[in-house]
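Going left to right, the sequence shown walks through residues -26 to -1, 1 to 287 as mature numbering (1 follows the signal peptide of the UniProt record, and there is no 0) numbers them. Notes follow once the structure below has been shown.
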Amino acid sequence: MRRLHTVPLVISGVLLLAACSGGSDPAPRATVEPSAPQTSAAPAPEPAPVLEVARAMADVEHLAVVIGPRHATSEAYLRAADWVADRFDRLGYTVSRQDVQAPAGNSWGVDVPAGTSVNVIADPPGFDPTRPHRLVGAHLDTIPVAPGAEDNASGVAMMLELARLDVDGSLPVRFIAFGAEEPRGPGDDLHHFGSQQYVAALDEPARAATTAMVSLDRVGVPGPEVPICHGGRATPAVRDSLAAAAVAAGVPHTVCGDNRTSDHWSFERGGLEAARLGSLPYAGYHSPQDTPDVIDPGQMERVGLIMAQWLAS
């Protein structure tokens, strides 16, 4: 708050001498004019944050190396969820958790037990889920044998960086780190458990308020373009708005309408508008070789520029 600083007034006077004779006029009163009010300089506005890919790369390193493989019902996954929740909390978001039930199954050749995973949900101050908003998500779990740098520490790291940017757009944004995205068997019903259960739990006002969902999944391996896709059940509206953001940001991209292998598909199956960024092929996919060296900072930056442009629209 700007305060007014004033200089106190000091009035100097002269003694009035009573004259017994002569009857002269009293001497004039000396005065000091008040100083003009002074104001303190307004503080300079803080510069808007800018996309910092180095931060995202450090987050990839933490998830893939410090924590490592983190299948959805493992202790490592819960440590990763705690770490992500703490990051959101430090950024000023209100953090909640949604339990996710995952069945026993086989995840890329490894038997995994039934158990409880968790979605980590981060809302900006004053968020109302019954009013129009956008949703940005990235799955946090991996298959049991993979440290998951690209799949999907890259998406989680970019989501955290976008949360830090807090882009001033037309709609508020809810961020979700989804649990139990990786398959535990064939088919849609044994895949994407966290996002399936999130969509199923939405009441009608919250469903109507979810205007668009974007899944950030495998967004860091190098390539000449950024893939932008939807699954073909929803309209291409979100995909096309992301493509328009890519054009505005000067980022080369491709589009498709048949990608159903990430959490956006749960939203499309549930009748909501959604799309996905990412999914270029790479040699370390679902293997112990999915390490931070497969990530290209330039590709991470391109994805971040598209998303920042889209969120600002």
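C-beta atoms are modelled at their ideal positions from N, C-alpha and C, and glycine is treated no differently. Predicted model only: the values in this text are computed from it and were never measured.
Alpha-carbon spacing of residue i relative to residue j, whole angstroms
| i | j | result |
| --- | --- | --- |
| Glu135 | Phe149 | 11 Å |
| Arg53 | Pro43 | 11 Å |
| Glu49 | Pro196 | 31 Å |
| Gly79 | Phe167 | 13 Å |
| Thr104 | Gln263 | 42 Å |
| Thr116 | Arg158 | 11 Å |
| Leu37 | Ala123 | 7 Å |
| Val147 | Pro106 | 9 Å |
CB contact flag (residue i, residue j, <8 Å)
| i | j | result |
| --- | --- | --- |
| Gly153 | Ala88 | no |
| Leu190 | Met274 | no |
| Ser81 | Glu156 | yes |
| Asp21 | Tyr67 | First, the residue type needs correcting, since residue 21 is Pro and not Asp in the sequence shown. Result no, Cβ atoms of Pro21 and Tyr67 do not sit closer than 8 Å. |
| Pro118 | Val39 | no |
| Gly272 | Thr265 | no |
| Val130 | Val58 | yes |
| Asp237 | Gly83 | no |
| Ala208 | Ala248 | yes |
| Ala32 | Phe62 | no |
| Ala30 | Asn93 | no |
| Met187 | Leu145 | no |
Three-state secondary structure assigned by DSSP to residue i
| i | result |
| --- | --- |
| Gly79 | strand |
| Asp85 | strand |
| His45 | coil |
| Gly129 | helix |
| His166 | coil |
| Ile117 | coil |
| Phe101 | coil |
| Ile95 | strand |
| Val110 | strand |
Nearest-angstrom Cβ-Cβ length linking residue i and residue j, presumed shorter than 8 Å
| i | j | result |
| --- | --- | --- |
| residue 296 | Phe241 | Nothing about residue 296 can be read from this structure; the chain reaches only from -26 to 287. |
| Gln283 | Ala222 | 5 Å |
| Leu254 | Arg181 | Their Cβ separation, rounded to whole angstroms, is 32 Å, which puts Leu254 and Arg181 out of contact at 8 Å. |
_Is it the case that the segment 195 to 204 contacts the segment 213 to 229, given that we only count it when at least three CB pairs across the two stretches are under 8 Å?_
Between the segment 213 to 229 and the segment 195 to 204 there are three or more C-beta pairs closer than 8 Å, enough to call the two in contact.
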